[in-house]
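In my numbering, the protein residues as written are 73 to 397.
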């Protein structure tokens, strides 16, 4: 078995263990036998409701959201040629938050924030691309435009929160941290359909993505239309991130770390897409299990856990860079 396949098998095993912990554990303890009975329809109504309606969609959504963020991060890092590249460099998270807050605060009655999050994130990307047209994703102009737009939208978001009623502001704040606590089978269906379609379209472009890793001159020489291909890949990755964000809220670190961890683990020259998806799913699912257990019975938003892990990861990168010097 080759190293990438070995890594993929190990990560899938980790996902299975985290999924089992997420389904079995909690304030209402269940055994694997209870889970089996719930799936077969022979468990008590309470056990069936907890396993089928609450825990199972949360676990599946965690896997799908993590995989989507890992794949989107791999595309952004490949296009930007920056190991710290993620959808955040074009203000995507801030745009998603703005779109969701507009739906929750300004619309009467409040609308579902999912569509607003998707539209806000993609809109932020299009604004940055318009302002920096002609510049590459790795250019200083694009990065600065993304930072500037994120700062502006963050101020708008703070203002919207001050305008919101207390209950709405509380719910919006929880969503902004990123959470899987309210996921349902409808969210799983959205992730599986829209997210699955976007992932398949991205996978169909993996050949062009690999050629882009070789540099613009080589890609042009091989007949790859650079501008059109980059725009298509960016829009697909942004749509995938938007779909995930619509379900869970903005969750940091996963899109940043999963591709680099996949590259280091598989020792690949480029960023492996399948391993990035698997590691993204494992990171998010394990973080969500930790968020549920760390201060039980109090449940933390999973975004707080991924943010803390992400900070530790960046400190490790800094320390590693200093040791190399």
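Glycine residues also receive a C-beta, built at the ideal position from the N, C-alpha and C atoms.
**Request:** May I ask you to check if the CB of residue 81 is nearer than 8 Å to at least one heavy atom of the ligand FAD?
**Result:** Of ligands this structure carries none, so the ligand FAD is not represented either.
**Reduced DSSP category for residue 367 - H, G, I as helix; E, B as strand; rest coil** = The residue labelled residue 367 in the question sits at position 295 within the chain shown. In the structure shown, residue 367 sits in a strand (DSSP, three-state: E or B).
**Exposed unless 16 or more other CB atoms sit within 10 angstroms - verdict on residue 184** = Your numbering for residue 184 matches position 112 in the chain shown. Burial call: exposed.
**Asked** So, using beta-carbon positions, are residue 193 and residue 152 closer together than 9 Å?
**Response** Numbered from its first residue, the chain shown carries residue 193 at position 121. Numbered from its first residue, the chain shown carries residue 152 at position 80. Result no, Cβ atoms of residue 193 and residue 152 do not sit closer than 9 Å.
**Prompt:** In this structure, does DSSP put residue 277 in helix, strand or coil?
**Reply:** The residue labelled residue 277 in the question sits at position 205 within the chain shown. It is coil, neither helix nor strand.
**Request:** Round the Cβ separation of residue 163 and residue 222 to the nearest angstrom and send it over; I've been treating them as touching at under 8 Å.
**Result:** In the chain shown, counting from the first residue as 1, residue 163 sits at position 91. In the chain shown, counting from the first residue as 1, residue 222 sits at position 150. Their Cβ separation, rounded to whole angstroms, is 4 Å, which keeps residue 163 and residue 222 in contact under 8 Å.
**Request:** Look up residue 296 in the DSSP assignment and say whether it is helix, strand or coil.
**Result:** Taking the first residue of the chain shown as 1, we reach residue 296 at position 224. Three-state DSSP puts residue 296 in coil, outside helix and strand.
**Item:** Exposure label - residue 236; buried when at least 16 CB within 10 Å
**Value:** Position 164 of the chain shown, counted from the first residue, corresponds to residue 236. Buried is the call here.
**Request:** Leaving aside the five residues before and after residue 259 along the sequence, list all residues of the same chain whose C-beta is less than 6 Å from its C-beta, in chain order.
**Result:** Counting from one through the chain shown, the residue named residue 259 turns up at place 187. The residues are 133 and 319.
**Request:** Could you pull out every unbroken alpha helix (DSSP H) segment of at least 4 residues lying fully inside the segment 110-185, listed in chain order?
**Result:** 117-120, 128-152 and 164-173
**Terminal residues of the alpha helix (DSSP H) in which residue 95 lies** = Sequence index remark: in the chain shown, residue 95 carries index 23 (1-based). Counting along the chain, the alpha helix (DSSP H) containing residue 95 begins and ends at 75-96.
**Request:** Please state whether DSSP places residue 359 in a helix, a strand or coil.
**Result:** Residue numbering aside, residue 359 sits at position 287 when the chain shown is read from its first letter. Three-state result, residue 359: helix.
**Request:** Check whether the Cβ atoms of residue 316 and residue 198 sit closer than 9 Å, and answer yes or no.
**Result:** Walking along the chain shown from the start, residue 316 turns up at place 244. Walking along the chain shown from the start, residue 198 turns up at place 126. Contact flag unset, no.
**Request:** Report the option in 243, 101 and 381 whose CA atom is closest to the CA atom of residue 363.
**Result:** Within the chain shown, the letter at position 291 stands for residue 363. Of 243, 101 and 381, the residue nearest in Cα terms is 381.
**Item:** Host alpha helix (DSSP H) of residue 100 (start-end)
**Value:** Locating residue 100 in the chain shown gives position 28, where the first residue counts as 1. Careful: residue 100 lies outside any alpha helix (DSSP H) and carries neither H nor E.
**Asked** Rounded C-beta distance between residue 79 and residue 347? I'm assuming under 8 Å.
**Response** For the purposes of this step, residue 79 is taken as residue 7 along the chain shown, with counting starting at 1. For the purposes of this step, residue 347 is taken as residue 275 along the chain shown, with counting starting at 1. Right, their Cβ atoms sit about 6 Å apart.
**For residue 251, the nearest candidate out of 289, 113 and 359 (CA to CA)** = Locating residue 251 in the chain shown gives position 179, where the first residue counts as 1. Cα-wise, what sits closest to residue 251 is 359.
**Request:** Spatial neighbours of residue 271 within its chain, please: CB distance less than 8 Å, with the 5 preceding and 5 following residues excluded, ordered by chain position.
**Result:** Residue numbering aside, residue 271 sits at position 199 when the chain shown is read from its first letter. Same-chain partners within the cutoff: 139, 140, 143, 312 and 349.
**Asked** Does the beta-carbon distance from residue 437 to residue 102 come in below 9 Å?
**Response** With the chain represented from 73 up to 397, any question about residue 437 goes unanswered, as that position is not in the structure.
**Item:** Residue of 204, 384, 195 and 182 minimising C-alpha distance to residue 225
**Value:** Position 153 of the chain shown holds residue 225. With distances taken between Cα atoms, residue 225 lies closest to 195.
**Asked** DSSP on residue 236, reduced to helix/strand/coil?
**Response** Numbered from 1 along the chain shown, position 164 holds the residue referred to as residue 236. Residue state, collapsed to three classes: coil.
**Request:** Measure the C-alpha to C-alpha separation of residue 159 and residue 148 and round it to an integer number of angstroms.
**Result:** Taking the chain shown and counting its residues from 1, the one referred to as residue 159 is at position 87. Taking the chain shown and counting its residues from 1, the one referred to as residue 148 is at position 76. Between residue 159 and residue 148, the C-alpha separation is close to 7 Å.
**Buried versus exposed call for residue 309 [16 or more other C-beta atoms within 10 Å across all chains shown]** = Working through the chain shown from its first residue, we reach residue 309 at position 237. Classification of residue 309: buried, given that the 10 Å Cβ count is 16 or more.
**Asked** Does the Cβ of residue 336 have 16 or more other Cβ atoms within 10 Å, making it buried, or fewer, making it exposed?
**Response** Locating residue 336 in the chain shown gives position 264, where the first residue counts as 1. Residue 336 comes out exposed.
**Asked** Leaving out the 5 sequence neighbours to the left and right, which residues in its chain are closer than 7 Å to residue 188 when beta-carbon positions are compared?
**Response** Here residue 188 refers to the residue found at position 116 when the chain shown is read from its first residue. Hits under 7 Å: 171, 172, 174 and 175.
**Message:** On the CB-based measure, 16 or more other CB atoms within 10 Å of its CB, does residue 106 come out buried or exposed?
**Reply:** Residue numbering aside, residue 106 sits at position 34 when the chain shown is read from its first letter. So residue 106 ends up on the buried side.
**Prompt:** So the alpha helix (DSSP H) residue 255 belongs to, where does it begin and stop?
**Reply:** In the chain shown, the residue the question calls residue 255 occupies position 183. Segment: none, residue 255 is in no alpha helix (DSSP H) and carries neither H nor E.
**Asked** Per the contact definition of three or more C-beta pairs closer than 8 Å, is the segment 321-334 in contact with the segment 366-382?
**Response** yes
**Asked** Can you round the beta-carbon distance between residue 99 and residue 369 to whole angstroms, since I take them to be within the 8 Å contact cut?
**Response** Locating residue 99 in the chain shown gives position 27, counting from the first residue. Locating residue 369 in the chain shown gives position 297, counting from the first residue. About 5 Å separates the two Cβ atoms, so the contact holds.
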